[in-house]
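Here the structure comes first, spelled out in structure tokens, and everything after it is commentary.
2 protein chains.
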Amino acid sequence: MFRIDNQSRTPVFEQIVKQAEEYVRTGILNPGDKLPSIREMTSLIGVNPNTIQKAYNELDRRGVTISVAGKGCFISKNISEVMKSAAIGKLPEFERLVKELIDSGIAEKELTDIIKKVSSK
Amino acid sequence: MFRIDNQSRTPVFEQIVKQAEEYVRTGILNPGDKLPSIREMTSLIGVNPNTIQKAYNELDRRGVTISVAGKGCFISKNISEVMKSAAIGKLPEFERLVKELIDSGIAEKELTDIIKKVSSK
DNA sequence: TAACTGTACTATGTGTGTTAGTACAGTTAT
DNA sequence: ATAACTGTACTAACACACATAGTACAGTTA
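As they're listed, the protein sequences go chains X and A.
Under our numbering, the first residue of the first sequence is numbered 6, with each subsequent residue one higher.
Under our numbering, the first residue of the second sequence is numbered 6, with each subsequent residue one higher.
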């Protein structure tokens, strides 16, 4: 379920965070689901427990998960609202990227076509 | 012309690269234009010459500029093709971002509206 | 009680970014 | 030729983030 790319320049803890969020968006992880325990995850993907802990702390901080000592790390009950507002926060980044692409000579239609393609899936 | 944000987590050399590219896209910098010399830039924005050199090397590597010992660092003659193909290389990133936003509950129209807004400027 | 869970430390090694300083080589104007 | 500029190429040192290693503590569950 979780895969780490050691060649990537993206920090391992960040790869874990991004994958967890992606699994949430795609419905692989749902509200209340339990993530593998820190020690389980350690043996699953072969990274240090501290690195896993850092990832879980970050997920907690973002409201994606809620960790409870003794129980585990669980996907938030209101995860869809959390992801939605996170997405809204990324719209300025989206606009910046669009501006960059348009200014570089990419046609408007090329971008809207990509949106159509993604939406229709 | 060049501004460095020391609070940003983005490396200084990368900030310089990004700003140079943005000035190119917006027509502030044009083919054949000369960038400030490394030593000039040092006093302009108060960072180490080595950091400027690193930024200029990266711009050269990307084909944005051509540095000539004794003369300076100049915007490439075929800069528009360079920027265009760089933009094409970023389309997968664009698609990933679109997918993430759509999956998070952002409406297709919200994204196309942003594209329209940016394009019409 | 035993076995699990997350949490909180300290210490260490590694890589990257930045600064500092020096030296060398090519270009331009005088 | 000389002076003053240009980019280039190093070595050294420091700071910071990431990751690993190890230990200990506290809450939960069977």
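Note that beta-carbon positions come from the ideal geometry of N, C-alpha and C, so glycine has one too.
query, result
"Give the single residue among Gly-37(A), Glu-98(A), Pro-41(A) whose Cα lies nearest to the Cα of Val-69(A).", "Gly-37(A)"
"Counting only beta-carbon atoms, is Glu-100(X) nearer than 7 Å to chain A?", "yes"
"Work out the CA separation of Ile-9(A) and Ile-21(A) for me, nearest whole Å.", "8 Å"
"Less than 7 Å between the beta carbons of Ile-43(A) and Gln-58(A), yes or no?", "yes"
"Using DSSP bridges, identify the partner residues of Val-73(X).", "Gly-77(X)"
"Which ranges would you report for the alpha helix (DSSP H) in the region 22-94 of chain A if only whole runs of at least 4 residues count?", "43-50, 54-66, 84-94"
"Kindly list the residues whose CB is nearer than 6 Å to the CB of Met-46(X), restricted to its own chain and excluding five residues on each side of it in sequence; keep chain order.", "Ile-57"
"Nearest chain A C-beta to Leu-106(X) closer than 7 Å, yes or no?", "yes"
"Tell whether a beta-carbon distance below 7 Å holds between Ser-72(X) and Glu-113(A).", "no"
"Taking only three categories from DSSP, how would you classify Leu-124(X)?", "Note on identity: in this sequence residue 124(X) is Ser, with Leu being the wrong assignment. Three-state result, Ser-124(X): helix."
"Excluding the 5 residues flanking Glu-115(X) on each side, which residues of the same chain have their C-beta closer than 7 Å to its C-beta?", "none"
"Please check the pair Ser-48(X) and Arg-30(A), which I expect to be a contact at CB under 8 Å, by giving their CB distance rounded to whole angstroms.", "About 48 Å separates the two Cβ atoms, so there is no contact after all."
"Distance, Cα to Cα, Ile-119(X) vs Asn-53(A)?", "42 Å"
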